[in-house]
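Quick notes on the structure that follows.
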Amino acid sequence: MASAEEASALVQRLSQLSTDLTAAERENLKFLLSMAAGGVLSGHAQKISEGLRESALGTAQHSLPKLLAGAREKFPTGIVFYGRGPFLSDEDLAALDQESRGCRPRAERFLDHYVVSGAPVAREISLSPTIQEFLTENVGSITPTRRANYLYYDEPGLGIDPHVDKDEFSLNILTMLEHRASNQGRSELILHPPDQEAVHLHLKAGESLVFFADSVTHQRTRTVADEEIRLVSFGYRTLGGTHE
Ligand SMILES: [Fe+2]
Numbered sequence: 156m157a158s159a160e161e162a163s164a165l166v167q168r169l170s171q172l173s174t175d176l177t178a179a180e181r182e183n184l185k186f187l188l189s190m191a192a193g194g195v196l197s198g199h200a201q202k203i204s205e206g207l208r209e210s211a212l213g214t215a216q217h218s219l220p221k222l223l224a225g226a227r228e229k230f231p232t233g234i235v236f237y238g239r240g241p242f243l244s245d246e247d248l249a250a251l252d253q254e255s256r257g258c259r260p261r262a263e264r265f266l267d268h269y270v271v272s273g274a275p276v277a278r279e280i281s282l283s284p285t286i287q288e289f290l291t292e293n294v295g296s297i298t299p300t301r302r303a304n305y306l307y308y309d310e311p312g313l314g315i316d317p318h319v320d321k322d323e324f325s326l327n328i329l330t331m332l333e334h335r336a337s338n339q340g341r342s343e344l345i346l347h348p349p350d351q352e353a354v355h356l357h358l359k360a361g362e363s364l365v366f367f368a369d370s371v372t373h374q375r376t377r378t379v380a381d382e383e384i385r386l387v388s389f390g391y392r393t394l395g396g397t398h399e
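Below, the structure is given as structure tokens:
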């Protein structure tokens with residue numbers, strides 16, 4: 156079994172190693188670590204001893220933020236903002252809600268939920284100066300990736316297992332457009348920051364979560380009968396990180 160000291164030393168060595176990697180190699184290393192964290196959290200490593208599983212999870216969770224820009228250190232849970240975002244007007248939310256409803260028939264299944272990418276209103280709002288100013292004030296320089304997805308969890312059993320997102324959604328603004336609850340329970344968004352209790356979030360319509368989706372493992376638990384969730388997700392990259 157790996158001791159806590161060995162695991163901590165490994166985190167340091169992975170962090171040092173990453174300074175010598177190209178951007179593409181670093182993306183690969185991030186991907187491997189995220190798969191490892193997601194796999195352990197999803198219960199895919201049951202044959203491995205609990206101590207080793209915990210050590211592997213801790214190493215992956217601690218290493219991911221170290222491979223990324225320095226701004227993340229100010230946000231130990233990965234959460235930059237949670238609540239009704241001052242960066243979206245009521246008109247923005249109404250336009251997003253309307254476009255999301257209209258796009259549902261052409262949503263495509265991705266893993267265990269439905270997605271529409273690049274709808275024009277969502278893309279335009281994701282590029283708004285108000286959002287860019289808010290993000291720059293809070294995390295430093297960012298660049299929009301022009302990635303805007305409508306997400307639908309509107310059948311029983313939809314959800315997404317623990318994962319971290321790709322570079323296009325390094326910094327993610329996730330906004331709830333509608334959460335129609337069921338009397339049989341409700342799905343929730345859970346973040347798994349290292350060495351801390353999992354953070355359980357229930358976004359209300361109009362509320363946003365701004366978080367480092369590429370360094371904090373997160374999931375949406377499964378929907379139940381009569382539950383319906385529509386979200387919109389905007390992607391950004393942070394600039395000026397320690398390795399850029
Ligand atoms: Fe995600």
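So this note's numbering is basically just the index in the sequence shown, starting at one, shifted up by 155.
Here a beta-carbon is modelled for each residue, glycine too, at the ideal position from N, C-alpha and C.
Continuous alpha helix (DSSP H) stretch holding residue i: start and end
| i | result |
| --- | --- |
| Glu352 | It is not in any alpha helix (DSSP H) - Glu352 carries neither H nor E in the DSSP assignment. |
| Leu306 | Leu306 -> not in any alpha helix (DSSP H); beta strand (DSSP E) instead, spanning 297-308. |
| Ile286 | 284-294 |
| Leu172 | 159-174 |
| Glu279 | 275-281 |
Supposed close pair residue i, residue j - CB separation, criterion 8 Å
| i | j | result |
| --- | --- | --- |
| Ser281 | Phe367 | About 17 Å; that fails the 8 Å criterion. |
| Tyr307 | Arg375 | The Cβ separation is near 11 Å, so there is no contact. |
| Asp369 | Asp320 | 5 Å |
| Leu313 | Arg377 | 7 Å |
| Glu362 | Arg227 | Their Cβ separation, rounded to whole angstroms, is 22 Å, which puts Glu362 and Arg227 out of contact at 8 Å. |
| His355 | Thr372 | Their Cβ separation, rounded to whole angstroms, is 14 Å, which puts His355 and Thr372 out of contact at 8 Å. |
| Phe230 | Phe289 | Actually they are not in contact, since the Cβ atoms of Phe230 and Phe289 sit about 14 Å apart, beyond 8 Å. |
| Pro311 | Val379 | 6 Å |
Own chain, CB closer than 7 Å to residue i, minus 5 neighbours either side, in chain order
| i | result |
| --- | --- |
| Glu263 | Tyr269, Val270 |
| Pro349 | Gly213, Gln216, His217 |
| Glu382 | Arg335, Ala336, Ser337, Arg341, Ser342 |
| His199 | none |
| Arg261 | Val271 |
| Glu399 | Its pLDDT being 35, under 50, Glu399 is placed unreliably in this model, and the coordinates cannot settle the point. |
| Leu176 | Leu184 |
| Ala360 | Met331, Leu332, Glu333, His334 |
| Leu188 | Ala215, Ser218, Leu219 |
| Asp267 | Leu313, Gly314, Ile315 |
| Thr300 | Glu323, Gly390, Tyr391, Arg392 |
| Asp245 | none |
| Leu165 | Thr214 |
Own chain, CB closer than 8 Å to residue i, minus 5 neighbours either side, in chain order
| i | result |
| --- | --- |
| Asp247 | Ile280, Ser283 |
| Val387 | Leu251, Ser255, Ala277, Ala303, Asn304, Tyr305, Leu306, Leu329, Thr330, Leu332 |
| Met156 | For Met156, the pLDDT reaches just 48, beneath the cut-off of 50, and the residue's location in the model is therefore unreliable, leaving the point undetermined. |
| Thr291 | Ile297 |
| Gly194 | Ala200 |
| Leu478 | In the structure displayed, the chain extends from 156 to 399; residue 478 sits before or after that span and is not available. |
| His113 | Given a span of 156 to 399 for the chain in the structure shown, any question on residue 113 remains unanswerable. |
| Glu160 | none |
Neighbourhood of residue i by C-beta distance below 6 Å, restricted to the same chain and skipping five residues each side
| i | result |
| --- | --- |
| Glu352 | none |
| Asp309 | Glu383 |
| Leu162 | Reading off the sequence shown, one finds Ala at residue 162, where the question assumed Leu. Excluding positions up to five away in sequence, the list reads Ser210, Gly213, Thr214. |
| Ile345 | Ala353, His355, Gln374 |
| Phe324 | Ala368, Gly390 |
| Thr285 | Phe242 |
| Leu169 | Ser218 |
Endpoints, beta strand (DSSP E) assigned at residue i
| i | result |
| --- | --- |
| Gln374 | 372-375 |
| Ser325 | Note, Ser325: premise wrong, no beta strand (DSSP E); not H, not E. |
| Gly390 | 383-393 |
| Glu362 | 362-367 |
| Ser272 | 268-272 |
| Asp320 | Here Asp320 belongs to no beta strand (DSSP E), and DSSP marks it neither H nor E. |
Residue-chain proximity (residue i, chain C), Cβ-Cβ < 9 Å
| i | result |
| --- | --- |
| Arg168 | Judged by its chain identifiers, the structure shown contains no chain C, having just a single protein chain. |
Q. Is there contact here, the region 237-255 with the region 322-335, by at least three beta-carbon pairs under 8 Å?
A. yes
Q.
Threshold first: 3 residues or longer. Then list the beta strand (DSSP E) segments lying entirely within the region 228-266, N to C.
A. Qualifying beta strand (DSSP E) stretches, in chain order: 234-239, 263-265.
Q. Can we say the region 171-190 touches the region 233-242, given the rule of at least three CB pairs closer than 8 Å?
A. no
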